[in-house]
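One structure is given here, and the rest of the page talks about it.
Rendered as C-alpha coordinates:
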(Lines of atoms letter the chains of each structure in order from A and count residues from 1; the text may use other names and numbers.)
(Lines give C-alpha, C1' and ligand atoms only; values in the text may rest on other atoms or scores of the structure.)
Protein backbone atom coordinates (compact mmCIF):
# COMPACT_ATOMS: atom_id res chain seq x y z
CA UNK A 1 0.00 0.00 0.00
CA UNK A 2 1.29 3.46 -0.89
CA UNK A 3 0.58 6.92 0.53
CA UNK A 4 -2.20 7.62 -1.99
CA UNK A 5 -4.07 4.46 -1.02
CA UNK A 6 -3.57 5.30 2.67
CA UNK A 7 -4.94 8.81 2.08
CA UNK A 8 -8.09 7.39 0.45
CA UNK A 9 -8.46 4.80 3.21
CA UNK A 10 -8.21 7.45 5.96
CA UNK A 11 -10.71 9.69 4.13
CA UNK A 12 -13.12 6.75 3.83
CA UNK A 13 -12.82 5.80 7.53
CA UNK A 14 -13.29 9.45 8.49
CA UNK A 15 -16.56 9.85 6.60
CA UNK A 16 -17.89 6.36 7.42
CA UNK A 17 -17.19 6.36 11.19
CA UNK A 18 -16.97 10.03 12.13
CA UNK A 19 -19.37 11.58 9.59
CA UNK A 20 -16.79 14.28 8.87
CA UNK A 21 -14.23 14.65 6.10
CA UNK A 22 -10.50 14.32 6.62
CA UNK A 23 -9.04 17.37 4.85
CA UNK A 24 -5.33 16.97 5.54
CA UNK A 25 -2.49 14.57 4.67
CA UNK A 26 -2.09 10.98 5.81
CA UNK A 27 1.26 9.33 5.09
CA UNK A 28 3.30 6.33 6.06
CA UNK A 29 6.41 6.89 8.19
CA UNK A 30 8.73 3.89 8.34
CA UNK A 31 10.64 5.37 11.31
CA UNK A 32 7.64 4.81 13.59
CA UNK A 33 8.38 1.60 15.46
CA UNK A 34 7.32 2.17 19.05
CA UNK A 35 3.97 3.67 18.07
CA UNK A 36 1.32 2.85 15.49
CA UNK A 37 0.76 6.40 14.34
CA UNK A 38 0.79 10.03 15.32
CA UNK A 39 -1.25 13.17 14.84
CA UNK A 40 0.33 16.61 14.43
CA UNK A 41 -1.61 19.43 16.09
CA UNK A 42 0.03 22.19 14.03
CA UNK A 43 -0.45 20.73 10.55
CA UNK A 44 -3.33 18.33 11.37
CA UNK A 45 -1.52 15.63 9.39
CA UNK A 46 -1.43 11.98 10.39
CA UNK A 47 1.42 9.50 10.07
CA UNK A 48 0.92 5.73 10.22
CA UNK A 49 3.56 3.06 10.77
CA UNK A 50 3.84 0.68 7.79
CA UNK A 51 5.41 -1.87 10.15
CA UNK A 52 2.09 -2.23 11.97
CA UNK A 53 0.34 -2.87 8.66
CA UNK A 54 2.79 -5.56 7.58
CA UNK A 55 2.96 -7.22 11.01
CA UNK A 56 -0.72 -7.16 12.07
CA UNK A 57 -2.77 -6.49 8.93
CA UNK A 58 -5.56 -4.19 7.83
CA UNK A 59 -7.84 -4.65 10.84
CA UNK A 60 -5.29 -3.48 13.43
CA UNK A 61 -4.12 -0.65 11.18
CA UNK A 62 -7.72 0.52 10.82
CA UNK A 63 -7.97 0.72 14.62
CA UNK A 64 -4.80 2.84 14.66
CA UNK A 65 -6.24 5.14 11.98
CA UNK A 66 -9.43 5.52 14.03
CA UNK A 67 -7.31 6.41 17.06
CA UNK A 68 -5.47 9.14 15.15
CA UNK A 69 -8.72 10.40 13.61
CA UNK A 70 -10.15 10.77 17.13
CA UNK A 71 -7.27 13.12 17.91
CA UNK A 72 -7.82 14.91 14.61
CA UNK A 73 -11.58 15.49 14.81
CA UNK A 74 -11.63 16.39 18.51
CA UNK A 75 -8.78 18.87 18.03
CA UNK A 76 -10.53 20.48 15.06
CA UNK A 77 -13.74 20.77 17.13
CA UNK A 78 -11.75 22.27 20.06
CA UNK A 79 -12.69 19.46 22.43
CA UNK A 80 -10.54 17.20 24.62
CA UNK A 81 -8.28 15.42 22.12
CA UNK A 82 -5.60 14.10 24.48
CA UNK A 83 -5.46 10.51 25.74
CA UNK A 84 -6.53 11.48 29.24
CA UNK A 85 -9.64 13.40 28.16
CA UNK A 86 -13.10 11.89 28.53
CA UNK A 87 -14.13 13.16 25.07
CA UNK A 88 -11.26 11.22 23.52
CA UNK A 89 -11.97 8.02 25.45
CA UNK A 90 -15.70 8.14 24.64
CA UNK A 91 -15.21 8.79 20.92
CA UNK A 92 -12.53 6.10 20.67
CA UNK A 93 -14.86 3.55 22.25
CA UNK A 94 -17.75 4.69 20.02
CA UNK A 95 -15.84 4.22 16.74
CA UNK A 96 -13.99 1.08 17.82
CA UNK A 97 -10.43 2.34 17.74
CA UNK A 98 -7.61 0.88 19.80
CA UNK A 99 -6.15 2.70 22.78
CA UNK A 100 -2.74 1.05 22.33
CA UNK A 101 -1.09 -0.63 19.37
CA UNK A 102 0.57 -4.03 19.58
CA UNK A 103 4.33 -4.26 19.98
CA UNK A 104 6.20 -5.19 16.85
CA UNK A 105 7.79 -8.67 16.98
CA UNK A 106 11.38 -7.35 16.90
CA UNK A 107 10.61 -4.84 19.67
CA UNK A 108 8.95 -7.51 21.80
CA UNK A 109 12.02 -9.70 21.38
CA UNK A 110 14.26 -6.80 22.43
CA UNK A 111 12.21 -6.26 25.59
CA UNK A 112 12.72 -9.89 26.61
CA UNK A 113 16.45 -9.23 26.56
CA UNK A 114 16.82 -6.31 28.98
CA UNK A 115 20.57 -5.70 28.54
CA UNK A 116 22.27 -5.69 25.14
CA UNK A 117 25.68 -4.24 26.01
CA UNK A 118 28.30 -4.81 28.67
CA UNK A 119 31.04 -2.40 29.67
CA UNK A 120 34.07 -4.18 31.10
CA UNK A 121 36.88 -2.42 32.98
CA UNK A 122 40.29 -3.24 31.55
CA UNK A 123 41.96 -2.88 35.00
CA UNK A 124 39.71 -4.53 37.58
CA UNK A 125 37.25 -6.45 35.38
CA UNK A 126 34.14 -4.71 36.80
CA UNK A 127 31.12 -5.17 34.53
CA UNK A 128 28.34 -2.68 33.81
CA UNK A 129 25.23 -3.80 31.92
CA UNK A 130 23.53 -1.32 29.61
CA UNK A 131 20.46 -1.35 27.37
CA UNK A 132 21.78 1.30 24.99
CA UNK A 133 25.04 1.49 23.13
CA UNK A 134 27.35 4.24 24.34
CA UNK A 135 30.85 5.54 23.75
CA UNK A 136 33.14 3.96 26.39
CA UNK A 137 35.79 6.66 25.81
CA UNK A 138 33.51 9.17 27.57
CA UNK A 139 33.32 7.08 30.76
CA UNK A 140 35.65 5.46 33.28
CA UNK A 141 35.27 2.64 35.78
CA UNK A 142 33.49 3.80 38.93
CA UNK A 143 35.59 1.47 41.06
CA UNK A 144 39.17 2.04 39.88
CA UNK A 145 38.85 4.78 37.18
CA UNK A 146 40.15 2.30 34.56
CA UNK A 147 39.39 2.31 30.84
CA UNK A 148 36.12 0.67 29.77
CA UNK A 149 35.62 -1.71 26.84
CA UNK A 150 32.23 -2.11 25.17
CA UNK A 151 31.05 -5.64 24.42
CA UNK A 152 27.80 -6.83 22.89
CA UNK A 153 25.98 -9.37 25.05
CA UNK A 154 24.40 -11.05 22.00
CA UNK A 155 27.65 -12.38 20.58
CA UNK A 156 30.28 -11.20 23.11
CA UNK A 157 32.23 -9.34 20.41
CA UNK A 158 33.84 -6.00 21.15
CA UNK A 159 32.45 -3.13 19.11
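Residue numbers (the working numbering): 4 to 162. Glycine included, each C-beta is placed from N, C-alpha and C at the ideal position. The model shown is predicted, which means the values in this text are computed figures rather than measured ones.
Using 8 angstroms as the threshold, is the C-beta distance between residue i and residue j below it?
i	j	result
residue 51	residue 67	yes
residue 16	residue 65	yes
residue 99	residue 91	no
residue 134	residue 108	no
residue 76	residue 23	yes
Taking residue i and residue j to be in contact with their CB atoms under 8 angstroms, please state how far apart those CB atoms are, rounded to whole angstroms.
i	j	result
residue 69	residue 20	6 angstroms
residue 55	residue 127	Not really, about 46 angstroms apart at Cβ, beyond 8 angstroms.
residue 27	residue 6	13 angstroms between Cβ atoms; not a contact.
Only counting the same chain, and skipping five residues up and downstream in sequence, which positions put a Cβ closer than 7 angstroms to that of residue i?
i	result
residue 144	124, 126, 127, 129 and 151
residue 4	56
residue 161	A caution first: residue 161 carries a pLDDT of 46, below 50, which makes its placement in the model too unreliable to give a value.
residue 59	105
Out of curiosity, what's the CA-to-CA distance linking residue i and residue j?
i	j	result
residue 93	residue 18	18 angstroms
residue 131	residue 95	44 angstroms
residue 74	residue 106	21 angstroms
residue 86	residue 141	39 angstroms
residue 10	residue 101	20 angstroms
residue 89	residue 32	29 angstroms
residue 120	residue 8	41 angstroms
residue 43	residue 72	11 angstroms
residue 45	residue 61	28 angstroms
residue 146	residue 36	37 angstroms
residue 148	residue 156	23 angstroms
residue 122	residue 137	9 angstroms
residue 139	residue 12	48 angstroms
Please list, in chain order, all residues of the same chain as residue i whose beta carbon is under 6 angstroms from its beta carbon, the five residues on each side excluded.
i	result
residue 41	50
residue 14	25
residue 29	9, 10, 13 and 49
Please work out which residues of its chain come closer than 8 angstroms, Cβ to Cβ, to residue i, disregarding the five sequence neighbours upstream and downstream, and give them in chain order.
i	result
residue 38	52 and 104
Opposite residue i in the DSSP bridges: which residues?
i	result
residue 2	Beyond the ends of the chain as shown, which are 4 and 162, falls residue 2; an answer cannot be given.
residue 30	50
residue 81	None; residue 81 has no bridge partner.
residue 153	122
residue 131	122
residue 89	Note: residue 89 sits in no beta bridge, so no partner.
residue 143	150
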